[in-house]
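J.:
Protein chains in written order, with the working numbering: chain A, 12 to 341; chain B, 12 to 341.
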């Protein structure tokens, strides 16, 4: 396997946490190349006592830069990562943080899979059944019905690449019956019913996401992004309230000590870092975008995920399933 | 105060829970009139050993009926409730369950406040600051920018009636800066900046809802309904996982016994029944819609809320604040 290109300069704690995460992944035998300003990356590697290949990138996209800056800063690390994949020298891109810039750079350097109208960000969330994939996570705010159909197709390919057999797809709406929803969902519903390769369950509601009613939930990127951030925020608030309850009296504090271990598993399950990164589906190469606030473990998890997806032939799967669509659907 | 008209036939557990809830409210000195099929309601009152005035309604809207059935079943209990308010014989309507039918009945019988384009359902949710009001909760799936402006105005009037001083309003979007959002939010943002009587904070994200960044969050009814159901579903799942963690080992079970009391407060805080009911704002009378699965306590809480809102002059406040808008905004 060609190495995974990690944007060493991306995220709030780069290059410290990116380098640390890359070293953790390398220890597991995953080949990684660090892309960034060589002096800074080299210094960080020395500091941490590790050694990994570096590919020089003279510039980088800061969190406060605009997504379109990837066109001005041609030598930005995220662009160099994409070029490595394009030239076949890396097998995937992993970048923490600037979602807009990574999306723009992927489109600019790798381009779309033939037939794909809009690439989509796929979010992985915990559910009572294990996990649920949500598309679109915020790449496309105002969507057309046939874009949502393509999101469903690409998410199905991704879920299958992750080992989900015959994944079911739900359309996020505000009632179960066909016709309960907004203009977008009402136009999308009949299309999804007849899309080849998609096992369409019908509408699902907000409550079905954590219940895990379907493996995949499809919605527009505005709603998907609200769902992602609400679910993370609610988990944070609820776990904070649990913590507060467990220190609210001497008796609760004693009980809290006894249940601490049991609750840690739950905290990990709700931690976005566990899921590592969101794949960008529909571009000509595996691209993963992680949280800007990623620590070393989150970076390692993102690299792990990229590896599993590359091995499962994600881009080939997406190409094949999009090619199955009739021109009207694609 | 004129009595509150309770639709005794509405909800999954009517008339048992509606009658029980009405008796609880009456015990607190809140005047309630039960509206429904007299024999069934009377039998239930006798069964529970209580006594309350009954207004006969020969029909009722079942949960599986269509919202438009309120026009066919003119003698439905929900219609009779609205007529009592219209005639000045009741001060508010409280109905558990069929949101669409209650909305249709309110529009049909009471009509809209002058200048209001679309009435809105207001959702009350817990937050780290206490509570947050979300509008629209699902009455209007596809919205125009100036409808959202009116929702903000009406929600402000409601929050003030509930004792919130100078409530702040956030526009639900996917980034904090103006211009980060979809077509609807991008058109709504500049309008909200100049709306008289609205303290506009700017965009808020999904994570800001539970954080309580603003007192009020404005969005379209599709997104609002997804937010409502996701937040309820996630709370249910997380508390279930907490419960499971607390029985996962003998040690955790022992600790779980000690913290049970402390966690009960949290469970109550996340229980939708605590909030009782959603007000329907913008119709010519105070109307509250509760969960279809409401038990007696939820019914009582809904009646309590209706009382406090009536006493605070909600409809007059909504009228006054909508009248302040220029024709372009209303």
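Every residue, glycine too, gets a C-beta built ideally from N, C-alpha and C. Fair warning: this is a prediction, and the values are worked out from it, not measured in the lab.
Would you say residue 22 of chain B faces chain A, with C-beta separation under 8 Å as the test?
T.: no
J.: Taking DSSP as the reference, what is the three-state secondary structure of residue 242 of chain A?
T.: helix
J.: Verify the CB distance criterion: does residue 185 of chain B have a CB-CB separation below 8 Å to chain A?
T.: yes
J.: Given residue 15 of chain A, which residues of its chain have a CB within under 8 Å of its CB, disregarding the five upstream and five downstream residues?
T.: 36, 41, 42, 43, 44, 101, 102, 103, 104, 105, 314, 317, 318, 321
J.: Counting only Cβ pairs nearer than 8 Å, list the residues of chain B close to residue 253 of chain A.
T.: 253, 274, 277
J.: Taking just the CA atoms, how far does residue 161 of chain B sit from residue 330 of chain B?
T.: 11 Å
J.: Using beta-carbon positions only, say whether residue 241 of chain B and residue 293 of chain A come within less than 8 Å of one another.
T.: no
J.: Using 8 Å as the limit for Cβ to Cβ distance, is residue 182 of chain B near chain A?
T.: no
J.: So, is residue 82 of chain B buried or exposed, given that buried needs 16 or more other C-beta atoms within 10 angstroms?
T.: exposed
J.: From the DSSP output, read off the bridge partner residues of residue 300 of chain A.
T.: Paired residue(s): A:106, A:289.
J.: Per DSSP, which one or two residues make a beta bridge with residue 227 of chain B?
T.: B:144, B:180
J.: Please confirm if residue 142 of chain B has its CB atom under 8 Å from at least one CB of chain A.
T.: no
J.: Could you check whether residue 193 of chain B and residue 152 of chain A sit closer than 8 Å to each other, using their CB atoms as the reference points?
T.: yes
J.: Mind checking whether residue 179 of chain B and residue 226 of chain B have CB atoms under 8 Å apart?
T.: In contact: residue 179 of chain B and residue 226 of chain B (Cβ atoms closer than 8 Å).
J.: Within 10 Å of its beta-carbon, does residue 165 of chain A have 16 or more other beta-carbons around it, so buried, or fewer, so exposed?
T.: buried
J.: Residues of chain B with CB under 7 Å from residue 221 of chain A, in chain order?
T.: 244, 245, 248
J.: Name the residue from A:235, A:77, A:128, A:254 whose alpha carbon lies nearest to the alpha carbon of residue 289 of chain A.
T.: A:235
J.: I want to know whether the region 204-214 of chain B touches the region 249-261 of chain B - three or more CB-CB distances under 8 Å.
T.: no
J.: Can you tell me whether DSSP reads residue 116 of chain A as helix, strand or coil?
T.: Helix, per DSSP.
J.: Within the 8 Å Cβ cut-off, does residue 149 of chain B reach chain A?
T.: yes
J.: Measuring CA to CA, which of A:92, A:58, A:335 is closest to residue 67 of chain A?
T.: A:92
J.: Have a look at B:311, B:125, B:99, B:117 and flag the residue whose alpha-carbon is nearest the alpha-carbon of residue 33 of chain B.
T.: B:311
J.: Alpha carbon to alpha carbon, how far is residue 238 of chain B from residue 149 of chain A? Give it in angstroms, no decimals.
T.: Answer to the nearest angstrom: the Cα atoms are 16 Å apart.
J.: Just the chain B side, please: which residues come within less than 7 Å of residue 190 of chain A by C-beta, in chain order?
T.: Neighbours of residue 190 of chain A on chain B: none; closest Cβ ~11 Å, over 7 Å.
J.: Short of 6 Å in beta carbon distance, which residues of its chain neighbour residue 196 of chain B, apart from the five on each side in sequence? Order them along the chain.
T.: 182, 184
J.: Tell me whether residue 84 of chain A is buried or exposed, calling it buried when 16 or more other Cβ atoms sit within 10 Å of its Cβ.
T.: By the neighbour-count criterion, in which 16 or more other beta carbons inside 10 Å mark a residue as buried, residue 84 of chain A falls on the buried side.
J.: Leaving out five residues before and five after residue 9 of chain B in sequence, what residues of the same chain have Cβ atoms less than 8 Å from its Cβ?
T.: For residue 9 of chain B there is no data in the structure shown, the boundaries of chain B being 12 and 341.
J.: Using the Cβ count rule (16 or more neighbours within 10 Å means buried), how would you classify residue 69 of chain A?
T.: exposed
J.: Would residue 269 of chain A pass as an interface residue toward chain B - the criterion being a Cβ-Cβ separation below 8 Å?
T.: yes
J.: Would DSSP call residue 130 of chain B helix, strand or coil?
T.: Coil, per DSSP.
J.: In terms of alpha-carbon separation, which member of A:244, A:232, A:233 lies closest to residue 219 of chain B?
T.: A:244
J.: Cβ closer than 7 Å: which chain A residues qualify as neighbours of residue 260 of chain B?
T.: Among the residues of chain A, those whose CB is under 7 Å from the CB of residue 260 of chain B are 273, following chain order.
J.: At a CB distance below 7 Å, what residues from the region 194-218 of chain A approach chain B? Give them in sequence order.
T.: 194, 216, 217, 218
J.: Which residues in chain A have a C-beta closer than 9 Å to the C-beta of residue 108 of chain B? List them in chain order.
T.: In chain order: nothing, as chain A lies at least about 14 Å away.
J.: Are the CB atoms of residue 71 of chain B and residue 48 of chain B nearer to each other than 8 Å?
T.: Yes, the Cβ-Cβ distance between residue 71 of chain B and residue 48 of chain B is below 8 Å.
J.: Quick check on the burial criterion: 16 or more other C-beta atoms within 10 angstroms. Buried or exposed for residue 21 of chain A?
T.: buried
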